[in-house]
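First comes the structure, then the notes that go with it.
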Amino acid sequence: MKTCLLLIALLPTLVWAQPRNKRFQYEKVGFEDMIQRYLHRDGSPVEAVEGIYSVSCIILKTKRHWLTGQEIVRVVKRKDNYARVAIMKETMSTNRDFIEVSLSFKDATLYPVVGDLTALADGSGYVYKHIEPKGEILSFSMLLTHADLLEGQFSQSHGRKIITTKLSYFKLYPKVQDKEESITKNKTGTN
923 MKTCLLLIAL
933 LPTLVWAQPR
943 NKRFQYEKVG
953 FEDMIQRYLH
963 RDGSPVEAVE
973 GIYSVSCIIL
983 KTKRHWLTGQ
993 EIVRVVKRKD
1003 NYARVAIMKE
1013 TMSTNRDFIE
1023 VSLSFKDATL
1033 YPVVGDLTAL
1043 ADGSGYVYKH
1053 IEPKGEILSF
1063 SMLLTHADLL
1073 EGQFSQSHGR
1083 KIITTKLSYF
1093 KLYPKVQDKE
1103 ESITKNKTGT
1113 N
């Protein structure tokens, strides 16, 4: 009887002693790791997708009207220029072609890897795996639609609704010069 009472008395402390859910920890690279990735390029030229980007996002909800059957599309959330990221060629791992590193992290010496890109055969399409703060991985299909614009889309259905997330990455650095501008410079002899 005493042991039973003792177990009942200790039960709340045993429940509290169990580890709680830990927050998801991103893979992090330091400044030295980033420089090593850059220096291990073996003289290969910069890929078109590499650079520093500003990220914008639109989340849409699509559903069919129950009476007419027409699709109704509504913007649920819009975030313009909410993050700054760097996309660079991965030279340390064979599992991915490029990594996406957040430049908006609170610790200036560590840069969390928030996604990775794998190039498709033609070179302008990518499979992008984005890592959410809770550890969930979302797979986007991405396309380099313009020299300075990378766009992607992810859709999932919830019952009769389809939630679509559209990402737009606008390249801030290095800027790609317009062909007309470079032709004009060559004609005038200035570089």
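With the sequence shown counted from 1, adding 922 to any position gets you the working numbering.
C-beta atoms are modelled at their ideal positions from N, C-alpha and C, and glycine is treated no differently.
Asked, Found
"Residue 946 by DSSP, collapsed to three states: which one?", "coil"
"How far does the beta strand (DSSP E) with residue 1042 in it extend, from its first residue to its last?", "Residue 1042 -> no beta strand (DSSP E), and no H or E assigned at all."
"Please return the same chain residues whose Cβ sits closer than 7 Å to the Cβ of residue 1021, not counting the five positions on each side in sequence.", "1010, 1012, 1035 and 1038"
"Can you give the Cα-Cα distance for residue 998 and residue 978, rounded to whole angstroms?", "14 Å"
"DSSP state of residue 1092, grouped into three classes?", "strand"
"Any idea what DSSP makes of residue 1062, helix, strand or coil?", "strand"
"Spell out the partners DSSP gives residue 987 in its beta bridges.", "Its beta-bridge partners do not exist; DSSP assigns none."
"Following the continuous beta strand (DSSP E) through residue 1010, name the residue where it begins and the one where it ends.", "993 to 1011"
"Per the contact definition of three or more C-beta pairs closer than 8 Å, is the stretch 987 to 1001 in contact with the stretch 1048 to 1057?", "no"
"In whole angstroms, what separates the C-alpha of residue 1061 from that of residue 989?", "34 Å"
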